[in-house]
Structure formats: structure tokens, C-alpha cells
Amino acid sequence: MERTWRLVIMLLTALQVVTSLPTPGDDDLNRFSRQPPPARAVVTSPAKVITSVGPSGTAQILASKKRPASGFTPSILETAGQVTSVPILTSPIPKPTSLLVAVSASLEVALPTGVAMPGQDIFADPISTDAPPDSFAKKEDHPVPRLGVQGKGPFETNKFYGSLQLAKQNSPVFLHPYSVAWARGEGGSKSWGLAISHIDANQRVYGETDQSTGAVSYFVNPIGIHSVCLSATELGSDTALTTEALTDFSVLVGLRPNAQAPPAVQFPLVQGLGFITAIYDGATPVLQSGDHFRSITRASEEPKKGVVKYKIELESGVTWLAYAHHTEGDPLDLEVKDNGLAQAKGPFRGFIQVAKNPEGGEKVYDQACGAYPTGVQLSGSVDGNKGTYTFSYQKAGIDGTTLAMFALPHHVSSFDDATKAKVTDLKLQTTTKGVGTAVLADSWTMVEPDLPTSIGFLPWSPEAGSTGNISDAAKNAIRSIAQVEVSQNMLDQSNQDSMYFSGKALAKFATLVMVIKEMLGDEGLAQAGLNQLKEAYARFAQNKQKYPLVYESAWGGVVSSATYVTGDTGVDFGNTLYNDHHFHWGYFIYAAAVIGHLDQSWVEQNKAYVNTLVRDIANPSTKDQYFPLWRSFDWYHGHSWAHGLFDALDGKNQESSSEDTMHTYGLKLWGSVTGDANLEARGNLMLAIQRRSLQSYYLYSSDNKVQPQEFIGNKVAGILFENKIHHTTYFGANIEYIQGIHMLPLLPHSPFVRTPTFVREEWDKFFSNGRADTIDNGWRGILLGNYATIDPRGAYDFFSRSGFNDGWLDGGVTRTWYLCYAAALGGL
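Mapped onto mature numbering (1 follows the signal peptide of the UniProt record, and there is no 0), the consecutive letters of the sequence shown carry residue numbers -20 to -1, 1 to 808.
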């Protein structure tokens, strides 16, 4: 009988016309977004349905129908909320009119005061539970309203589900490997439910190939494909979408018949989930598809007690599975109405789970159906150079059922032995993170065996470790340069209308003062510089800069007042809307750590201010009621997202992987100087995770097996989105911009992440044989500073050359630091 069904399907599809996925231009996108929503939730039209009963189940088979044109590829670079100005100062720093004079030194170097105990949960305790300092004005409003957000804050701003709270609430949510979007009565399905999609590698769209590198400029995955939609007959044009239980890993989405009604259906969304689960409490379920149903078959045998199973074959030839567990009343009984609609015969109480079924996947899904995740508890510990972290999944459903969750490549490569044993053969492609692997387990534990505990304030290399030793000849050559640079006007350079550029200036001078003391040995000059640096930093610690920070309680966080004052949401790279906070605050935290390292007495006076910045981006505990958990860093992806409260079709994004690790390095150092052993341990663990994840997703050595081979010739991502990777920047497509934004700032931890092998490959591909010499601005210094990782002597000779042009320096770094860094790594 199974064979008979196949013959029937073949006959019905003999005249099928296969259509290709379009890539519309702006006009098409506008037409797509302007489609009028239907007045009713479900519109049916007569359709020929053949019912065939066989030993394995009952199939409802439809006559073949031409697939509608559904989905599109947003290949243009979305710039909403993104500043297109170059993120370095483009004009040379003015020469000082007089030289700073050494003063009597009173530096009290801070020593580490705490070590996280082995086995102790480094995520258990908050950094602080105090209210932000009174110097921060309080705001109860924010320029971006919280659309449909339920419950009490603080609320996440940079997480994967942000699109559900912004604009029309219907941009995609990328869960890896699935994506979902509120169909909102639009698209191929015309559903009012949640549309589910999964994209295979052969559906990607690639940009043009660069003939010099052989690499494509971008790859992007189609969106707007409504493979399967989970909805209810009660939903229609008055449907309202709400979100609640918002955490750093999960959210509960509700679709309500109207804003005042309780949800007709709810969706617990957790990163990496194996099924998309819809919870019903008396509404009538509807399954829809913009891809068109070819057949829907109800299995004759339940995979487990109380679970009904359906196999859904689409016109694209892709098979999906649906499992339904009823908690009260009757089991789910679907009736196929037409090629795009199947409807339950009555109200349903329980949940429906949907998953794409690649070859060999059904056995795993049968085993895992009946349970679904609702959240994740993060825990971790360190023991010497070894760190571990665990995702413990909170779940609901049938007791005794183990979850199926998808792991990314950097998870799988770091699983402990117990978790490795739970890995299955079920795999699905993700959008930008390689192939996801299903794991049958209620918790995962990942191990990082090489924490960067030996990296401190001084230059570091994998071979030599941390070292500040340079020759007397190098000291003598560098000292005069250092005296000129430390004599620059720190107050003026840091007095910007941008927290980003102000932070870069403070970090630059902090590094300079530190190496003057610890590498050049001039404590008097270092003390003179430190006195000026502390004065410059005090402007911000007292919150008296051009655009003071405010604590706003609408979302819950510290933001620049710039947008409140100007009305421009893009000012200072979108800081007020939570763009780039880990970049901005990272420079301040790093600078504070260096000042505190040089003067222990400064720490207590400024601890509340700096800790407020730390809490805003890296709060580890729900006990802190002023800030959300982990605003920036994504523990599932292993890196941060810079994208705040701006809607985007391609999801969250981050441009600079190196500034991401800079913020983590700053957290580590600040934990060290303040004696917060757990903060230092988290910083070390995060850096190790970032090294692993960035080398898979952002920085491409020739042996990279995660990203498409068509793309890895670019060596770096450019901008990594949840749905696309584009080898460009928001401020231009010059190769020094694209590669260089992943180099700056050069700090001691840089070679830990950007390995010598990678740096050599990238240099040889883009900048060797004199090509770097053609760049006549601050990017040249960035490139040559990075070059010191593989050729310290060559870099040192460049920065020490007679007639050096200060225009080759980024305004956020000094020539002194580059020289000290190269001399230390090269033993010069």
C-alpha cells in the first residue's frame, strides 16, 4: 500500500511546474510588505483530496499545484541604526606644545586578590545589586517602545528574538537551525500564525566573486518562506503578538485573537531547539504552508503513548514531521482542506511539535517528541587553566522524555565525554554557523582546556607567554617617542561627543602610561601621565561629558543621552538604542583596569561607576534587578551581538570581532584588579570560547570546514549577521577597512585569538609584497601592528623608521605601544 501511495502522488504531480526562488529588488520587497492582510484567519477553496489508508497510516493526498513564489533574499546591506563613518580618527593628533615632566612616583600596583575556587559556580553571584550611582539621571521612557512585551523588566535588547518587539514584529527570528516569523497575514501562506522555515546549503544565494581572491562577497539565506505555519482558527486580522518570560536564551511568544484576549497559541522559543512547539489551550489548530502540501499522512502507530504523528510532504519535495500530544480531550485530528491548509476537527488542548525531517532524522524525532525546552540555566567553573560551562535545559511535556537540541560546531568540538555520548547522526544546516548537530540530552557541558590565565597587561605570545622585557637599546629608542605621546592633551582628546571615541582615547593613554612604567621603567613620567589620565577619566566617572549617560528603566540599562537630546537614533553609533555597548564600555572598562592596576587606591573610588558599565553588558545574575542578563555576549553563539533595538531582516549582527574580544579582555582585567575572582574567571572562559567560535565563524584559516568554501578566501567575515555574512563594512569596502576592523585594538590577548597561522595567511593574501605600503592613513598602522604577531622585527622597523608619519596611526593607539609590543614579541 505504501507503494500505491507513491504511485498516486507521482500521477498527481506529473504536470507539476517547478518554480525557482526569486530574488526581488526594492520594488518587489515593497510590494511584499504592502500586501493587504486578509480579513479572516482561514480562507478555504475546494480542493481534490484523495484519502488512502495503508498499514503505516492514513494519507490525505492533494492534486499537484504550482508552488507560489514565496520568499526573497535581502541581499542589500541593511544600514538602519548603523553609522557609516569610519571608526578611527582620520586626522593626525596635534603635536604637544610642551613636554610632560616627570613627577615623584607614588604608584601602588594592584596585585590579584582572589582566585575562583575549583567547582564554584562562577555565574552564581551578582557583580552588585546596588542601584546605579546617583550621577546617572533616571529616565522612565525610551525612544523605542516595547511592542507587545509582557512582564516586568529589565528586558533584553540584543537577543535573537528582538524583531518580535520592533516595527511590524514580523522580521525573522533565527533559532539555528530553524527560523520563525510571524506571518501576519502576508507571504505565501497568508497565515496569522507563526511561519517556520529551514534553509539548506543549496538554497543559499552568493554575491559576486572577486577574481583576485576567488571568494564571493557575501552569502545570504532566503527568508519569507513559510514551509509550515502553526496557527489557530481564532486568529485573524486583529491578531496581537506578545512576548514574555524574556531571558538571554529564550522567550515565550503568544498570538492572541486581539490585544485583550488570552493567547490562542503560545510558542516557547529557545536557541537550538529541535522542534518548534505550539501550545494550545482550547483553540482550534491550523497548519498552513506557503510551499503547498503534497500529502499529509497520519501514522497508524503512536511514537509514544498519547502522541499523534503526522508526516507532511511539501511540493518542494521536503518532508516535515508533526507530533501532537493532547493533555486533555481528544487527540489532534487534522483534515486537509486545500494545498495550503490543514485544520483540526475541533478544539485542542496540548501541544504540537514540528520539525524538518532529513534522511535518518525520524528515529531521533520519534524518541524526543513529547518534550520541549522552556529555558536554559547557565553554570560554569574554572580549575587552573581549565574551564567548563553547562547549559541545563528547563523543559515541559511528557515525563521521562529527553530533549533533542541542536549544537553548533564550536559546541560539538568542546563537549565533555558525557555530552559527546549523546550526539546523534541528525544534522541540519544553519544559516551562518555551519551544520547543527542534534544532541539527545537535557544538559550539555563544554570544556575549554586552555584558559588565557597567563595573559596580563603586558605583551603576550603563545611561545614566550607574557613579557615586558625589551632591550636597553629599544628602551632608549622608544623613550623619546613616549614622552611626546604622553604629553598630548588627554583632556581634549577624550572630550568627544561620542562614548566610543572617548573610550578609545582613554584606553590609548592607559596603555601608554602602563608601558612607560612597566616596560620603559620611567616611573616619574608614568606618574605624570597617570595624573592627567585620571583627570580625564574623572569627567566620565562624574558623568559630566558632552552627552551624560542616563539609566532608563523602560528596557533597563545605561545609555547615552544623545538621542534623547538630538532625536537622532543613529548618533554615537546608536548607543542610546543599545548598539555597540560592549565596544563602547569595553574601552572604558579596560582603561579603568589599567589605571587600577597602576594605582590600587583609585579602584574603590571609581568601582561603582565601572561596575555599572560592566553590569550593563555582562550581568551574570538575575539577582541584579537593574540590568538584563548578558546583554551583549551570546553564550549559545560564543560571541557577542552589537545590534540593539533596530529591526532587521537578517537578524542581529556584529562587525568587529576584535573589539568583541577587547571587551572580554577588559572584563578579565577589571576582575583581577578589583579582586572579583568570578568576574576574572568569566573573562578567561569567555576569551577561550571566543577564540574557538571566532576561528569557526569569523576568522578563516585555510583549513576552515565550517563556512562555505566559496567564502573563506575572504579570511574574515566582514559583518556577520544571523542570516548572512557580508565581506564589507558599514563604512566602506576598502580591504584595509574590512580586514582591519577585525584587528583593532591590538592588545596582549590578540595573538591568543588571531593565531600566527591565521595572521600569516591573511597578510600574504591581502597585504604582502608592498601592498600595505600603498595605504597612507591610520589603517596602515593597524595593519603593521597586527603584522608584529608574525614578524616583530619587520613591524618594529616600520614604527621606528626615521621620518615616521603620525598620520599612519589610528587616533586610538600610540606608536609607543606598537614599538613596545613588537620589541617584546621579537626579543628586541
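From the three backbone atoms N, C-alpha and C, an ideal C-beta is built for every residue, glycine too.
Option in the options with minimal Cα separation from residue i
i: Gly536; options: Arg236, Asp596, His562; result: Asp596
i: Lys402; options: Lys46, Leu431, Pro248, Met426; result: Met426
i: Trp759; options: Val29, Ile715, Phe135; result: Ile715
i: His729; options: Gly791, Leu808, Lys648, Ile721; result: Lys648
i: Gly128; options: Pro242, Gly341, Val334; result: Pro242
i: Pro248; options: Ser217, Lys289, Val334, Pro202; result: Val334
i: Leu665; options: His619, Asp683, Tyr527; result: His619
i: Leu789; options: Ala804, Ile755, Asn365, Val356; result: Ile755
i: Phe489; options: Tyr517, Leu500, Asp502; result: Tyr517
i: Gly436; options: Tyr527, Gly504, Pro731; result: Pro731
i: Val231; options: Gln463, Pro113, Gly216, Lys139; result: Lys139
i: Phe563; options: Gly380, Ser78, Thr641; result: Thr641
i: Leu321; options: Phe331, Asp310, Leu294; result: Leu294
i: Trp650; options: Ala713, Ser673, Val574; result: Val574
i: His178; options: Arg184, Ser159, Lys497, Val185; result: Ser159
Environment of residue i [buried if 16+ CB atoms lie within 10 Å]
i: Ala453; result: exposed
i: Gly99; result: exposed
i: Asn238; result: exposed
i: Arg795; result: buried
i: Ser451; result: exposed
i: Thr59; result: exposed
i: Val545; result: exposed
i: Thr277; result: buried
i: Gln130; result: exposed
i: Gln357; result: exposed
i: Thr189; result: exposed
C-alpha distance - residue i paired with residue j, whole-angstrom precision
i: Glu308; j: Ser280; result: 21 Å
i: Trp615; j: Leu155; result: 13 Å
i: Ser652; j: Glu660; result: 6 Å
i: His577; j: Ser637; result: 26 Å
i: Trp743; j: Thr404; result: 39 Å
i: Ser143; j: Arg751; result: 42 Å
i: Ser44; j: Thr410; result: 30 Å
i: Gly806; j: Gly448; result: 11 Å
i: Trp604; j: Ser533; result: First, the amino acid is wrong: residue 604 is Asp here, not Trp. When rounded, the distance between both Cα atoms is 13 Å.
i: Gly791; j: Cys800; result: 18 Å
i: Ser681; j: Tyr798; result: 25 Å
i: Val208; j: Asn599; result: 37 Å
i: Gly554; j: Asp560; result: 8 Å
i: Lys317; j: Ala263; result: 18 Å
i: Val696; j: Arg459; result: 36 Å
i: Lys325; j: Trp172; result: 19 Å
i: Ala19; j: Lys148; result: Low per-residue confidence applies at Ala19: pLDDT is 37, beneath 50, and the placement is therefore not dependable, though the value from the model is reported in the following sentence. Roughly 18 Å separates the two Cα atoms.
i: Ala802; j: Pro772; result: 5 Å
i: Leu529; j: Gly367; result: 35 Å
i: Leu221; j: Ile259; result: 15 Å
i: Phe395; j: Asp430; result: 14 Å
i: Gln268; j: Leu210; result: 7 Å
Endpoints, beta strand (DSSP E) assigned at residue i
i: Phe247; result: 245 to 250
i: Tyr369; result: 366 to 377
i: Arg236; result: 230 to 236
i: Val538; result: 537 to 540
i: Val208; result: 208 to 212
i: Gly37; result: 37 to 42
i: Ile762; result: That residue, Ile762, is in no beta strand (DSSP E); its alpha helix (DSSP H) goes 758 to 767.
i: Thr31; result: 29 to 34
i: Gln268; result: 265 to 268
Start-to-end residues for the alpha helix (DSSP H) that takes in residue i
i: Trp300; result: Taken as a continuous stretch (DSSP letters only), Trp300 belongs to no alpha helix (DSSP H), being part of the beta strand (DSSP E) at 299 to 308.
i: Leu312; result: Neither: Leu312 is in no alpha helix (DSSP H) and is coded neither H nor E.
i: Val493; result: 479 to 498
i: Pro772; result: 772 to 780
i: Gln473; result: 470 to 474
i: Lys745; result: 736 to 746
i: Tyr567; result: 561 to 578
Residue i: CB within 7 Å of a non-hydrogen atom of the ligand GTP
i: Leu486; result: Absence of the ligand GTP from the depicted structure is noted, as is the absence of any ligand whatsoever, leaving it without description.
What alpha helix (DSSP H) runs, 4 residues minimum, are completely inside the segment 388 to 465?
-> 389 to 392, 397 to 400
Every unbroken beta strand (DSSP E) within the segment 651 to 729, with a cutoff of 3 residues, ordered by chain | 699 to 701, 704 to 706
Quick one: which unbroken beta strand (DSSP E) runs of 3-plus residues sit fully inside the segment 153 to 185? Chain order, please.
-> 159 to 162, 174 to 177
Which ranges does the alpha helix (DSSP H) cover as unbroken runs of at least 4 residues, wholly within the segment 599 to 629, from first to last along the chain?
-> none
Hey, which unbroken runs of the alpha helix (DSSP H) at 4 residues or more fall wholly within the segment 315 to 350?
-> 342 to 348
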